[in-house]
Amino acid sequence: MRIAFVGKGGSGKTTSAAVFSRYLAEQGHPVLAIDADINQHLGQALGHDGEPPRPLGSDLTWLKDHVRGTNPRIASAATMIKTTPPGPGSRMLDLDPAGELLARYSVEVAGVQQLVTGEFDEADIGVSCYHSKTGAVELYLNHLIDGPGEYVVVDMTAGADAFASGLFTRFDLTVLVSEPTRRGVGVFRQYAEHAAGHGVALAVLGNKVADDADVAYLREQVGDALIGWFEQSSWVRAAERGSVQPVSALEPANLAALAAVRSALDARERDWSAYHRGTVEFHLRNARAWGDKAVGADLAAQIDPGFVPGVLSTATR
Numbered sequence: 067m068r069i070a071f072v073g074k075g076g077s078g079k080t081t082s083a084a085v086f087s088r089y090l091a092e093q094g095h096p097v098l099a100i101d102a103d104i105n106q107h108l109g110q111a112l113g114h115d116g117e118p119p120r121p122l123g124s125d126l127t128w129l130k131d132h133v134r135g136t137n138p139r140i141a142s143a144a145t146m147i148k149t150t151p152p153g154p155g156s157r158m159l160d161l162d163p164a165g166e167l168l169a170r171y172s173v174e175v176a177g178v179q180q181l182v183t184g185e186f187d188e189a190d191i192g193v194s195c196y197h198s199k200t201g202a203v204e205l206y207l208n209h210l211i212d213g214p215g216e217y218v219v220v221d222m223t224a225g226a227d228a229f230a231s232g233l234f235t236r237f238d239l240t241v242l243v244s245e246p247t248r249r250g251v252g253v254f255r256q257y258a259e260h261a262a263g264h265g266v267a268l269a270v271l272g273n274k275v276a277d278d279a280d281v282a283y284l285r286e287q288v289g290d291a292l293i294g295w296f297e298q299s300s301w302v303r304a305a306e307r308g309s310v311q312p313v314s315a316l317e318p319a320n321l322a323a324l325a326a327v328r329s330a331l332d333a334r335e336r337d338w339s340a341y342h343r344g345t346v347e348f349h350l351r352n353a354r355a356w357g358d359k360a361v362g363a364d365l366a367a368q369i370d371p372g373f374v375p376g377v378l379s380t381a382t383r
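With positions in the sequence shown counted from 1, the corresponding number in the numbering used here is that position plus 66.
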């Protein structure tokens, strides 16, 4: 299952993504946490104090060659873009940390495998946008076959910036973390408006909730989208100072919020055919808008009309 945490800057989405990742891992599940925010703080929120892992987008040629496998419709990595869909012969990925890609790019933190997109570096400033980094995540997820009881948790960019690519459609559930404020619920409305018509399952997780009035405000503003809320937490404050305790020590009300998020996520059932149609749709959009011209090829030819990824699409890994 795949879940994205979104929200306005400062809403607590990174902390929420980290705590939820550790919550799943402490229950014995394989978890991959991906930092796709321009502010790369997810590792620190997970409790990682060492060097960050190698950025997923640090060698896009390697990544593209790896996932294209022996796909006859893709001549080379140079003809691949962030939306290139898999097909027969593509290398479909899994969450085995010993696999070549995760061994190359991920580190283990508190039972969670962590991937990062990478920060802006000097060569990026004034030249490229951050979506050149998040494109690596989109390409990765397009080739990932995650199985039952496995979880991918992604900390996304703030606000509605996620809509600059098709990455926002790659999740079984998107959780918008909202404070009980006009600005918080305003971001929810904006996100819901942009996501409409794209099959995005969108829920709201309240954060920094102080009393019943805060809960009532969120219910009034977002209705049934509200699936739970975090109250003020001494556990979180201690974690942000570097004293990270087991998630089982979290306040009962906040543990209940995590359980509600997991319940909403587990209730989703992925339709691999619909998922792949979304992959193809955004690939064609990007091909027409800029991809064909950029690579000098008809990128629509990369689509195999009979291919659908899924648990049986594992011939090349």
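Ideal Cβ positions, reconstructed from N, Cα and C, are used throughout, including at glycine.
These numbers were taken from a predicted model, which means no experiment stands behind them.
Starting from residue i, trace the beta strand (DSSP E) both ways and give me its first and last residue.
i: residue 295; result: 292–297
i: residue 268; result: 268–275
i: residue 101; result: 97–101
With DSSP as the reference, identify every bridge partner of residue i, one or two as the case may be.
i: residue 71; result: 221 and 241
i: residue 302; result: DSSP output for residue 302 lists no bridge partner at all.
i: residue 210; result: 159
Inspect the beta-carbon positions of residue i and residue j and report whether they are closer than 8 Å.
i: residue 91; j: residue 361; result: no
i: residue 370; j: residue 121; result: no
i: residue 313; j: residue 85; result: yes
i: residue 219; j: residue 69; result: yes
i: residue 203; j: residue 100; result: yes
i: residue 83; j: residue 221; result: yes
i: residue 327; j: residue 243; result: no
i: residue 208; j: residue 152; result: yes
i: residue 320; j: residue 300; result: no
i: residue 234; j: residue 228; result: yes
i: residue 250; j: residue 79; result: no
i: residue 257; j: residue 226; result: yes
i: residue 200; j: residue 102; result: yes
i: residue 156; j: residue 137; result: yes
i: residue 158; j: residue 375; result: yes
i: residue 150; j: residue 210; result: no
i: residue 294; j: residue 322; result: yes
i: residue 365; j: residue 358; result: yes
i: residue 163; j: residue 179; result: yes
i: residue 245; j: residue 87; result: no
i: residue 367; j: residue 139; result: yes
i: residue 167; j: residue 132; result: yes
In the DSSP assignment, find the unbroken alpha helix (DSSP H) run with residue i in it and report its ends.
i: residue 352; result: 338–352
i: residue 253; result: 248–261
i: residue 287; result: 278–288
i: residue 92; result: 79–92
i: residue 334; result: Neither: residue 334 is in no alpha helix (DSSP H) and is coded neither H nor E.
i: residue 358; result: 358–361
Give a yes or no on contact between the segment 251–270 and the segment 110–127, applying the rule of three or more CB pairs nearer than 8 Å.
The segment 110–127 and the segment 251–270 do not touch, with fewer than three beta-carbon pairs separated by less than 8 Å.
Would the segment 200–217 count as touching the segment 87–103 if we require 3 or more Cβ pairs under 8 Å?
The segment 200–217, when compared against the segment 87–103, does touch it at the 8 Å Cβ threshold.
4-residue-minimum alpha helix (DSSP H) runs that sit fully inside the segment 131–196, ordered along the chain:
The segment 131–196 contains, as complete alpha helix (DSSP H) runs of 4+ residues, the segments 166–171 (chain order).
Determine, using beta-carbon pairs with one atom in the segment 299–315 and one in the segment 333–340, whether at least three such pairs fall under 8 Å.
Too few Cβ pairs lie closer than 8 Å, so no.
Alpha helix (DSSP H) runs contained entirely in the segment 105–130, provided each spans 4 or more residues
Taking only runs of at least 4 residues, the alpha helix (DSSP H) segments lying wholly in the segment 105–130 are 108–112.
Assess contact between the segment 282–291 and the segment 336–355, defined as three or more Cβ pairs (one per stretch) separated by less than 8 Å. Is contact present?
With the rule of 3 Cβ pairs closer than 8 Å, the segment 282–291 does not count as touching the segment 336–355.
Between the segment 119–139 and the segment 170–183, do three or more beta carbon pairs fall short of 8 Å?
At 8 Å Cβ cutoff, the stretches touch.
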